[in-house]
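Residue numbers (the working numbering): 180 to 409. A short worksheet on the structure shown next.
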């Protein structure tokens, strides 16, 4: 029939309803969902439909289900790593199928990392400085895999030093999305030495709490990467 729409299955409709209760805050982290029989009566669906809806919500890390006398389904507490993992999957799907490329990634990195460096300079504490410093690598001896991992750890540590967990959440997937091996092949001589020098300059700005210099150093770092990879 022209113009007709396919109605989603009952378990998905129930999952959508419960998800809305969770994301709106009507159901708080740690709060127990109504028992399965109660959900059956309340929604007018079968026990198997309720269970399928709960399985879907559990797979999305929105609820945790436990067994036993005190068991049941509970609203999950937000987990930044799990959220970032889900975002990483989305980033990877986009890069593989939606024409999203390095130019888009670098544009997003600039929008996030330049202001993040300034905020980190103003807000960082000594532990966070130590974490940033601990993400250095030695371009003279370290292999490519080690340098890539250190590069990611450095920028995630700077994001963490903003004291705004949303920066850390959004920056993390940028370093786990896959853009193909051609990105790291045929890099010019001295590329990793320059990356290391840029990182050390950004750290110096953080140590001095110089937000203006930190944002400028972060922008120059991305200018260099963009010039090399285009």
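For glycine and all other residues, C-beta sits at the position ideal for the given N, C-alpha and C.
Beta-carbon separation (whole angstroms), residue 194 vs residue 232, contact threshold 8 angstroms: 4 angstroms
For a test of the three-state rule: what should DSSP assign to residue 205, helix, strand or coil? coil
Going by DSSP, what residue range makes up the beta strand (DSSP E) through residue 253? 251-254
Spatial distance of residue 395 from residue 389 (CA atoms): 10 angstroms
Could you check the C-alpha separation between residue 261 and residue 350 for me, to the nearest Å? 14 angstroms
In this structure, what does DSSP give as the bridge partners for residue 243? 253
Taking DSSP as the reference, what is the three-state secondary structure of residue 462? Not covered by the structure: residue 462. The range shown for the chain is 180 to 409.
Report all residues from its chain with a CB closer than 8 angstroms to the CB of residue 198; omit the five preceding and five following residues, and keep chain order. 236, 239 and 241
Residue nearest to residue 316 in terms of C-alpha spacing, selected from 207, 208, 376 and 203: 376
Secondary structure of residue 351, DSSP reduced to three states: helix
Starting from residue 392, trace the alpha helix (DSSP H) both ways and give me its first and last residue. 390-408
Cβ distance (whole Å) where residue 332 is taken to contact residue 314 below 8 angstroms: 4 angstroms
In terms of residues, what are the limits of the alpha helix (DSSP H) holding residue 379? 370-386
What residues match up with residue 211 in a beta bridge as DSSP calls it? 253
Can you tell which of 293, 287, 301 and 306 has its C-alpha closest to the C-alpha of residue 353? 287
Just mark residue 400 as buried or exposed, buried being the case when its beta carbon has 16 or more other beta carbons within 10 Å. buried
Would you call the segment 319-326 and the segment 299-306 in contact, with 3 or more CB pairs under 8 angstroms? no
If we ignore side chains and look at the alpha-carbon of each, how far apart do residue 374 and residue 366 end up? 12 angstroms
Which same chain residues, not among the five before or five after residue 329, have their C-beta less than 6 angstroms away from its C-beta? 314 and 316
Closest Cα partner of residue 408 within the set 268, 283, 304 and 203: 283
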